[in-house]
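This report concerns only the one structure given below.
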Amino acid sequence: MTGRVLLSLALLALAGPAWAEMPETCRVAEPQIERVFPLQQVTRALAAKRLDILVLGAGSSLLPGPNGVKNSYPERLQIALAEQLPGVAVTVTSDVKARRTAAQMVKILLPALAVSKPALVVWQTGTVDAMQSIDTDQFKAALDSGIAIARSAGADVVLINAQYSPRTEPMIALGTYAEIMRWVALQQEVPIFDRFSIMKLWADLGTFDLYSATEKLDIAERVHDCIGRLLADLVIDAAKPDVPHADGGR
Amino acid sequence: MAPVTPERDLRLDLFRGIALWLIFLDHIPSNAVSWITIRNYGFSDATEIFVFISGYTAAFVYGRAMREHGFIVASARVLKRAWQIYIAHVFLFAIYLAEIAYVAHSFSNPLFTEEMGVLDFLQNPDVTIFEALILKFKPVNMDVLPLYIVLLLWFPPMLWLLMRVPSFALAGSALLYALTWWFDWSIPAYPHGEWVFNPFAWQLLFVFGAWCALGGAQRLSRWINSPVVVGLAVAYILFAFGIAMTWYFPRLAVLVPKFVSDAIYPIDKPNLDVLRIVHFLSLAVITVWFVPRGWPALRSRVFWPAIVCGQHSLETFCLGVFLAFAAHFLFTEISNTLLTQIIVSLLGIAIMVAAAALVSWYKRIERQGPGPRPPSIEPGYARGDV
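Structure (structure tokens):
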């Protein structure tokens, strides 16, 4: 974990101040998205000029407030993808509800897939499982079966692990579950958006102050915007038809 | 009856002290200094060292008590120790509650609405506190002491057996470990899941430590000191190191053949994966190779800070858990720059050493005082604790 952060810091030092601009703040996280497995269904969907994505997630895929949906990362993902993929009809459907464990989401996955028939399932999970200290074997089994269900329905999967939440760190073993998701992603050969490491890096670098106590939404909205953009980059990168398999792709 | 080494092996105190420091560093969330701890470079971590050495010293101290004063007296002492550890655990839980209550009161951020749900249990303290008292509810990083309590509760009959038929006792322990893996035995936790350290599995390392203390180490010495075994140990540690590097540098992961990663993952910490045991044993073999028993440097000032911590492990461990809370509090409230993290980590270790030295001094003057207990009745205090 920390080694990865230090590595990223080193890369960042080499990259210099070019990253400083506001939307570019997100870019500091790029070294984190290193290893990309191909997304073949998405490649096919892009060729057919129509990309349907289902975001399956829990509370950390949501923002509160009247503009919560508009500003949360699923919507930002759609906007970023549409910008970068002119001529492709991009639709992002969300099935997001707070306090759901991976196993609870697996239960509703099949009907959700039947409705939206996506080429890609973006699956955010791990937070609620960590909060409830779900047995790690059961958590892993839920991830495996969710990935299998999505694949059998003809969809690729991208996993998103927990947010890095410094204030609650002594109370939730988020890192353990984030780590399990990294392993499952590696074994199942699905790309993972390592939100935990990325947000940790942002906190370490001072990109975003994740410690501050606030009722305001500005930082939260910028974080979600960045996640949406980086996620779009990951999807496009992994779906490139000419991506050399599994050597990082960049 | 197995011959018992007459004098406490300072290497045990040294490495338990170091393990306690590493546990402290690992317990501070987001601590850059934890980068140096062994869990980042292989499969096992400081917990294995702590449990093994605790088993070793428990057998050393209570084995002597059992020989000199019989089963009942020795068992009573073991249970008294378990009780002390229970009290320490509950004390730490009170500190944890205080911190949580503070965070719940002072922190809110729309980005972390979901995560703040973890504080909901404050709304029904009746259930939570009761579950904590019966060791079912255990906050993050507070799992080692409950494991230790269970291991000690079960220790008197095990020790009795170990002193009569050591090999049989060790085989029984290994059988329990195997059956645990086979049947998925575990202890339920509250509100969900299971104990983070499954005592049915971790007992193996504790019993193995005890077995070594009661003469097993001598029986193994021919093997431990063989260059072949040391070579294998080195090879295994290099293998584990290579695998660990792929956790930090995903690019390297492609170099690991799929059949290898299929075979090793997941590395099961709750049930003390065999890979972890072998990694710990390899480290132990190499350590014994380089640090001989009577090594004069063990009595030098350089190693004294770690040794004194290892000799008062319960106090040092509890203080470490508390200091880890405090360090996290400092990081969130004041500063979390790299420099702060380094200073706070070093300061924490310095406080642990100072406290252990104080405890050591305190026990010494208590023994010198006109108290009714001659030292021989408290074997645990002769040269450090269990």
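Each protein sequence line maps, in turn, to chains B and U.
Residues in the first sequence are numbered consecutively from 6, following the numbering used here.
Residues in the second sequence are numbered consecutively from 252, following the numbering used here.
The beta carbon of each residue, even a glycine, is placed where N, CA and C say it ideally should be.
Could you pull out every unbroken alpha helix (DSSP H) segment of at least 4 residues lying fully inside the region 374–427 of chain U, listed in chain order?
376–384, 395–404, 406–415
Measuring straight from C-alpha to C-alpha, what distance separates B/A3 and U/F363?
Only positions 6 to 255 of chain B appear in this structure, which leaves residue 3 of chain B out of reach.
Residue environment, B/S205, which counts as buried when at least 16 other CB atoms sit within 10 Å
Ser is not the amino acid found at residue 205 of chain B; the sequence shown has Lys there. Result: buried.
Mind reading off the beta-carbon distance from B/L215 to B/G70? Whole number of angstroms is fine, and I expect it under 8 Å.
Contact doesn't hold; Cβ gap of about 19 Å is too wide.
Would B/Y1 and B/A135 be called neighbours here (beta carbons separated by less than 8 Å)?
A query on residue 1 of chain B cannot be resolved here, the shown segment of chain B reaching from 6 to 255 and no further.
Compare the C-beta of U/E350 against all C-beta atoms of chain B and say whether one is closer than 8 Å.
yes
Please name the residue in U/T583, U/A606, U/L597 whose C-alpha comes closest to that of U/T567.
U/A606
Report buried or exposed for U/H579, applying the criterion of at least 16 other Cβ atoms within 10 angstroms of its Cβ.
buried
Is it the case that the region 449–459 of chain U contacts the region 300–318 of chain U, given that we only count it when at least three CB pairs across the two stretches are under 8 Å?
yes
Closest to U/H278 by C-alpha separation, out of U/A420, U/N587, U/V610, U/A577, would be which residue?
U/A577
Taking all protein chains shown into account, decide if U/R615 is buried (16 or more other Cβ within 10 angstroms of its Cβ) or exposed.
exposed
Alpha carbon of U/P408 to alpha carbon of U/A333, nearest angstrom:
15 Å
Taking only beta-carbon positions, decide if U/E365 is within less than 8 Å of chain B.
yes
For the alpha helix (DSSP H) that U/S326 lies in, which residues bound it at each end?
297–357
Helix, strand or coil for U/E445? Go by DSSP, reduced to three states.
strand
Kindly list, in the order they appear in chain B, the residues whose Cβ is closer than 8 Å to that of U/E445.
D140
Go ahead and pull the three-state DSSP assignment for B/V95.
strand
At least one CB of chain B closer than 8 Å to the CB of U/Y487: is that the case?
no
Give a yes or no on whether the minimum CB-CB distance between U/G493 and chain B is below 8 Å.
no
Nearest by alpha-carbon distance to B/D142: which of U/T298, U/L598, U/S596, U/K520 is it?
U/K520
Where U/F510 falls, given that 16 or more other Cβ within 10 Å makes a residue buried:
exposed
Where do the N-terminal and C-terminal ends of the alpha helix (DSSP H) with U/Q454 fall, by residue?
450–462
Kindly say whether B/E88, judged by its beta-carbon, lies nearer than 8 Å to any beta-carbon of chain U.
no
Validate contact between the region 530–542 of chain U and the region 295–304 of chain U using beta carbons, cut 8 Å, 3 pairs
yes
Selected residue, minimal CA-CA separation from B/S99, among B/S217, B/Q109, B/D57, B/G92:
B/D57
Nonlocal neighbours in the same chain, by C-beta distance under 7 Å from U/G321, ignoring five residues either side
none
Whose Cβ in chain U lies nearer than 9 Å to the Cβ of B/L222?
P361, L362
Neighbour list for U/Y516 in chain B, Cβ cutoff strictly below 7 Å
W188, Q192
Of all the residues that make up the region 151–181 of chain B, which are near chain U by a beta-carbon distance shorter than 9 Å?
A167, Q168, Y169, S170, P171, R172, T173, E174, P175, M176, I177, A178, L179, G180, T181
Between U/L403 and U/V329, how many whole angstroms is the CB-CB distance? I'm expecting something under 8 Å.
6 Å
Is B/S202 buried or exposed, if buried means 16 or more other CB atoms sit within 10 Å of its CB?
buried
For a minimum of 4 consecutive residues, which ranges assigned as the alpha helix (DSSP H) are wholly contained in the region 564–614 of chain U?
564–584
Name the DSSP beta bridge partners of U/P439, please?
U/E445
Beta-carbon spacing of U/F344, U/M393 below 8 Å:
yes
Looking at the secondary structure, which residues open and close the alpha helix (DSSP H) in which B/D230 lies?
223–244
Less than 8 Å separating the beta-carbons of B/A190 and B/Q129?
no
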